[in-house]
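Undergrad:
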Amino acid sequence: MAELPTFDRSELDGSIPARFDKVVRSFASHVAIGGGDRPWTYDEVDRRTNQLARAILERTQPGNGCVAYLVDHSPEMVICALAVLKAAKAFLCVHPAMPLKAQRDIIGDAAPDLLLTDAAHAAAARDLVGDESRLLLLEDIDARYSADALHVPVEPRDPAAIFYTSGSTGRPKGVVKSHRTVLHRAWLCAGYDGLAPTDRQSLLTYCSFASSEADVFGALLNGATLELYDAASRGLGDLGAWIDERRITLLHPPVMLFRKYLEMIDGQGLHPSVRLVALAGQTVIASDIELWRRHFALSCDLRHRFSSTEAGHIAVASVAPGETPAPGTVPAPRPVADKFLLVVDEDGQPVEPGAVGELVVRSAFLADGYWRQPSETAKYFRDAPGFPDQRLFHTGDIGRLSSDGSLEFLGRRDDQVKVRGYRVETREIEQALLQLPTVDEAAVITELRQNAHSIAAFVVMK
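Following my numbering, the numbering of the sequence shown begins with 3 at its first residue and continues without gaps.
#1: I believe Asn470 touches Leu205 by the beta-carbon criterion, under 8 Å. Please report the beta-carbon distance rounded to the nearest angstrom.
#2: Bridge partners of Ile164, per DSSP?
#3: Looking at the structure shown, is Glu465 part of a helix, part of a strand, or coil, going by DSSP?
#4: Does the beta-carbon of Gly193 have 16 or more other beta-carbons within 10 angstroms, so that it is buried, or is it exposed?
#5: Can you check whether the CB of Val358 is closer than 9 Å to the CB of Val338?
#6: Should the region 239-246 be called in touch with the region 272-281, which here means at least 3 C-beta pairs below 8 Å?
#7: Applying the 10 Å Cβ sphere with the 16-neighbour rule, what's the burial state of Met79?
#8: Do you know offhand how far Leu278's Cα is from Ala334's?
#9: Pull up the distance between the alpha-carbon of Arg61 and that of Ala234, whole angstroms please.
#10: Is it a yes or a no for the region 382-392 touching the region 199-215, going by three-plus beta-carbon pairs under 8 Å?
#11: If you drop the 5 nearest sequence neighbours on each side, which residues of the same chain put their C-beta closer than 7 Å to that of Ala459?
#12: Would you kindly work out how many angstroms separate the C-alpha atoms of Tyr424 and Asp406, rounded to a whole number?
#13: Taking the alpha-carbon positions, what's the Gly401 to Leu343 distance?
#14: On the criterion of 16 or more Cβ atoms from any shown chain inside 10 Å, does Gly371 qualify as buried, or is it exposed?
#15: Could you pull out every unbroken alpha helix (DSSP H) segment of at least 4 residues lying fully inside the region 58-111, listed in chain order?
#16: Using the DSSP secondary-structure output, state which residues sit across from Ser365 in a beta bridge.
#17: Does the beta-carbon distance from Ile18 to Val156 come in below 9 Å?
#18: Contact between the region 84-101 and the region 56-75: three or more CB pairs below 8 Å?
#19: Straight-line CA distance for Phe367 to Arg159?
#20: Starting from the N-terminal side, write out each stretch of the alpha helix (DSSP H) that is 4 residues or longer and does not extend beyond the region 264-328.
#21: Considering only residues of the same chain and omitting the five flanking positions on each side of Asp266, which have a CB-CB separation below 7 Å?
#22: Our contact map puts Pro355 next to Ser404 with C-beta atoms below 8 Å; I'd like the distance itself, whole angstroms only.
#23: Rounded to whole angstroms, what's the CA-CA distance from Gln53 to Ala288? Just pull it up for me.
#24: Looking only at C-alpha atoms, which of His396, Asp399 and Arg364 sits nearest to Pro387?
#25: Roughly how many angstroms separate the alpha carbons of Gly65 and Ala34, rounded to a whole number?
#26: Measure how close the beta-carbons of Glu215 and Val184 come, nearest whole angstrom, since I'm counting them as under 8 Å.
#27: Tell me whether Ile18 sits in a helix, a strand or coil according to DSSP, three-state version.
#28: How should Glu13 be labelled, buried or exposed, when 16 other C-beta atoms within 10 angstroms of its C-beta is the threshold for buried?
#29: In whole angstroms, what is the alpha-carbon distance linking Ala124 and Trp294?
#30: Evaluate Ile164 with the Cβ neighbour count: other Cβ atoms within 10 Å of its Cβ, from every protein chain shown; 16 or more gives buried, anything less gives exposed.
#31: Along the alpha helix (DSSP H) that carries Ala34, what are the first and last residues, could you check?
#32: In angstroms, rounded to a whole number, what distance separates the CA positions of Lys175 and Ala104?
#33: Going by beta-carbon coordinates alone, are Ile108 and Leu117 separated by less than 9 Å?
#34: Which residue from Pro98, Asp111, Leu139 and Thr51 puts its Cα closest to that of Ala83?
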């Protein structure tokens, strides 16, 4: 296999298409995407995305607009994203299984220039945009459109991706990521995970989730193979056989999905191809680590990525190959490169190590803000005094930093209530309940009665 040129830090001031082009030139015949009806090589993905990008340019105006797409969990889901980027637009993935109202809210808020879809979802797509001129069917992209390279200027700070989150006001918020920020995430995957062309990276979730950013671009911008498994439709029953059949080396499941899978399986030293399990999406508890060590090979590494849609990859907690943590313990996460963590009080002032406050991230690689919502952007993203090339993002998470720089995450700011004069973190109660051997899931809520908070816990027993 050819050797991929090093992912140099200077490439962070380039674009995603430029880095992808470098990978294609080194690994044209290497499989880029697996898991569909057939494997797609890097050359095939490159040529197909060139055709689709030309069709997008033919139907849109110049400038940094947004192009959405509505397709299944398939190679086309990734191909659409790359094509939109080559056309110098920001991609927005809309999940077909999402409730119709949520789809309409997102399309209404984003106002995309164009909606890409296929014949299977054409009727739903027409209902979303109304105007046929804003619809482009993938089946219509044929030999009329050249597959040769196209060279549309793309700047590092141009919008690349929009991921929607639910807003506290009920209005969805589109988090905008630049090319530079997405490149940094892929660069971290190479540096922290050792992601290389010999790897097979899982993609278990849909591209509408921000967690897919690390999977898709971590793999394709480092020459690895991206293997698709639709956990939502296929369930967990086939997951183990799929991991072994596809020889997955990097497994990136949501915490809850992984927890359910570990409870289903039996045996030791399973899935010998997996060298790294990277968890995200929820808090990892000690029993997760104990089950992972019991079932996976000793050569496997475990990472828990602390991330947010707006700040990206913030910190990581690791269990090295061969290491077995003491029972009941969870490793403390530490900040990743270029992410600096602060804990501030209610007045926005930094607190001493060990004190509890809101977690703030300072970095040059944060999201740009919220799509078409400048007031919301100004509320959470602020200038970083003394650091002209960086900004601050106020996460709304509660935590504390130790004197050695490790992070303890304590929940959301809006999870904190006062009960009979004491500050109570509902997330901490949930985590304590999850430590009980008979509890599978737990949720804690507060209710205001007669001007006083009361707490109620709901559990699902195993």
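Think of the CB as a built atom: it goes at the ideal place given N, C-alpha and C, for glycine as much as any other residue.
TA: Taking the coordinates as given:
#1: In the structure as shown, the chain begins at 3 and stops at 464. Residue 470 is therefore absent and cannot be evaluated.
#2: Partner(s): Val178.
#3: Here the chain comprises residues numbered 3 to 464, so residue 465 is not present and cannot be evaluated.
#4: Counting C-beta atoms within 10 angstroms of its own C-beta, Gly193 has fewer than 16 neighbours from the protein chains shown and is therefore classed as exposed.
#5: Taking a C-beta distance under 9 Å as the contact criterion, Val338 and Val358 do not qualify as a contact pair.
#6: Yes, the region 239-246 touches the region 272-281.
#7: With 16 or more Cβ atoms within 10 Å of its Cβ, Met79 is classed as buried.
#8: So the two alpha carbons sit approximately 18 Å from each other.
#9: Spanning the two alpha carbons is a distance of roughly 33 Å.
#10: The region 382-392 makes no contact with the region 199-215: fewer than 3 CB pairs, one atom from each, lie closer than 8 Å.
#11: Here the set comprises Ile431, Leu435, Ala444 and Val446.
#12: Reliability fails at Tyr424, whose pLDDT of 47 lies under 50, so the model's placement of it is uncertain and the value that follows must be treated cautiously. Rounded to the nearest angstrom, the two C-alpha atoms are 28 Å apart.
#13: Distance from the CA of Gly401 to the CA of Leu343, rounded to the nearest whole angstrom, comes to 10 Å.
#14: By the 10 Å Cβ count, Gly371 comes out buried.
#15: You should have 77-88.
#16: Arg393.
#17: Judged by their CB atoms, Ile18 and Val156 are nearer to each other than the 9 Å cut-off.
#18: Enough Cβ pairs lie closer than 8 Å, so yes.
#19: Rounded to the nearest angstrom, the gap between the Cα atoms of Phe367 and Arg159 is 10 Å.
#20: Segments of the alpha helix (DSSP H) lying fully in the region 264-328: 288-297.
#21: Residue identity check: residue 266 is Met in the sequence provided, not Asp. Correct list, in chain order: Leu238.
#22: A Cβ-Cβ separation of about 6 Å places Pro355 in contact with Ser404 under the 8 Å criterion.
#23: CA-CA distance, Gln53 to Ala288, rounds to 49 Å.
#24: Closest by alpha carbon: Arg364.
#25: Approximately 29 Å between the Cα atoms of the pair.
#26: With a Cβ gap of about 6 Å, Glu215 and Val184 count as contacting.
#27: Of the three classes helix, strand and coil, the one that applies to Ile18 here is helix, per DSSP.
#28: Burial call: buried.
#29: Between the alpha carbons of Ala124 and Trp294 lies a distance of about 42 Å.
#30: Classification for Ile164: buried.
#31: Annotation: Ala34 is outside any alpha helix (DSSP H); the continuous beta strand (DSSP E) that includes it extends over Val33 to Gly36.
#32: For Lys175 and Ala104, the distance between alpha carbons rounds to 12 Å.
#33: It is not a contact, given that the beta carbons lie outside the stated cut-off.
#34: It is Thr51 whose Cα lies nearest to the Cα of Ala83.
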